[in-house]
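Numbering of the sequence shown is given in the numbering used here, commencing with residue 8 and proceeding in unit increments.
The beta-carbon is built from N, C-alpha and C at its ideal position, and this holds for glycine as well.
Bear in mind that the values here come from a model prediction, so they are computed numbers and not experimental data.
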Amino acid sequence: DGVAEILTRKLLRLSKDQLSGIVMLSCFGSEVSLEVLALVKSSSGNSDIMNTLDCLAQARLVERSDEKYCFVHDMILHAAQGAVDENERMIIMKELLQALLPHGYSDDTILFIVVDLISRVGADRVHDSETRLLYAQLLLTAAKKATNTTDFASASTCVECGISFLSDGHWKTSYRLSLELFNQSALVEWALGNTEHMMRSLDEVFNNANRFEDTLRAARVKLAYLRMTGNCLAEAFDY
8 DGVAEILTRK LLRLSKDQLS GIVMLSCFGS EVSLEVLALV KSSSGNSDIM NTLDCLAQAR
68 LVERSDEKYC FVHDMILHAA QGAVDENERM IIMKELLQAL LPHGYSDDTI LFIVVDLISR
128 VGADRVHDSE TRLLYAQLLL TAAKKATNTT DFASASTCVE CGISFLSDGH WKTSYRLSLE
188 LFNQSALVEW ALGNTEHMMR SLDEVFNNAN RFEDTLRAAR VKLAYLRMTG NCLAEAFDY
């Protein structure tokens, strides 16, 4: 704790631009690519973010390689994350989101940075209904991409975060998105072996689907599970 306090005091003695630069960097985690920084360089109110980060590198707080900046130690990262209050940090993260969102549709690397920022902001801090739906859709897209690469753990994180952005009464107001999210949840939880979670997601679909056709994807997941467990009900499904 003593070292952490020393680091925090050191950061608070930085210039305004340097403090905003290192706080912005911490919003991405331990490192961020130069490509991403080029897209968000004006988000922190610091028009020359690269020069600012170079100054931080000279102070041995961060390191620069040919492709990225990274923190030299996790303790510096944690100090940077705590150098401003939570409200100010959320403002910065939302600004970063707005800068990166347009690029996430065509670049998967940017998309996963975007959904990571969305998950850090959290559904409780997003109140606009259209923004919540947009974030839920982006998280579903990321979950599908992660599923396609068999990264089921990441897919689960994305889809559950997406579900958290659905509003009350979402089966009426956002039926198709709700259906896709819970179908995706059932699939990835089955792949991870989380059968209780899988069954809860399947029940959501079976209990709320408007048409028989909308239950078919969930039924295939349940059939695969029954076959895997040797349940005789699988034969009845086949019949």
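For Glu-203, the uninterrupted alpha helix (DSSP H) segment begins and ends at 202 to 215. Sequence-distant Cβ neighbours of Phe-219 in its own chain, meaning closer than 7 angstroms and more than five residues away, do not exist here. Going by DSSP, Tyr-142 is part of the alpha helix (DSSP H) stretching over 136 to 155. In the three-state reduction of the DSSP assignment, Ser-192 falls in the helix class, which pools H, G and I.
Per DSSP, Glu-167 is one residue of the alpha helix (DSSP H) stretching across 159 to 171. For Phe-159 and Ser-33, the gap between their C-alpha atoms comes out near 26 angstroms. Residue pairing of Glu-220 in beta bridges, as defined by DSSP: absent, with no partner found.
The alpha-carbon separation between Leu-233 and Leu-118 amounts to approximately 35 angstroms.
If you draw a 10 Å sphere on the C-beta of Lys-179, you find fewer than 16 other C-beta atoms in it, and that means exposed. A distance below 8 angstroms between beta-carbons, with the five flanking residues on each side excluded, links Thr-222 to the following residues of its chain, in chain order: Val-212, Phe-213 and Ala-216.
The C-beta of Val-10 has fewer than 16 other C-beta atoms within 10 Å across all chains shown, which makes the residue exposed. Around the beta-carbon of Ser-185, 16 or more other beta-carbon atoms lie within 10 Å, marking it buried. Residue pairing for Val-69: DSSP places it in a beta bridge opposite Phe-78. Uninterrupted alpha helix (DSSP H) stretches at least 4 residues long and entirely within the segment 80 to 116 occur at 81 to 88 and 93 to 111, given in chain order. Within the same chain, and ignoring the five residues on either side of Asp-115 in sequence, the residues whose Cβ sits closer than 7 angstroms to its Cβ are Lys-152. When Cβ pairs closer than 8 angstroms are counted between the two stretches, the segment 9 to 26 is seen to touch the segment 59 to 75, the count reaching three or more. By the Cβ test, the segment 192 to 199 is in contact with the segment 162 to 172, since at least three Cβ pairs between them sit closer than 8 angstroms.
With contacts defined as CB atoms closer than 8 angstroms, Leu-124 and Leu-104 qualify as a contacting pair.
Around Met-235, the same chain offers no residue with a beta carbon nearer than 8 angstroms, after the five sequence neighbours per side are excluded.
Ile-170 and Leu-209 have their C-alpha atoms roughly 14 angstroms apart. Close CB contacts of Cys-77 within its chain, under the 7 angstroms cut and outside five residues either way in sequence, are with Ser-37, Glu-38, Val-69 and Glu-70 (chain order). Straight-line spacing of the CA atoms in Ala-225 and Ile-56 works out to 48 angstroms.
Burial is judged here by how many other beta carbons sit within 10 angstroms of a residue's own beta carbon; Ile-13 has fewer than 16 and is exposed.
Within the DSSP bridge table, the entry for Glu-38 names Cys-77 as partners.
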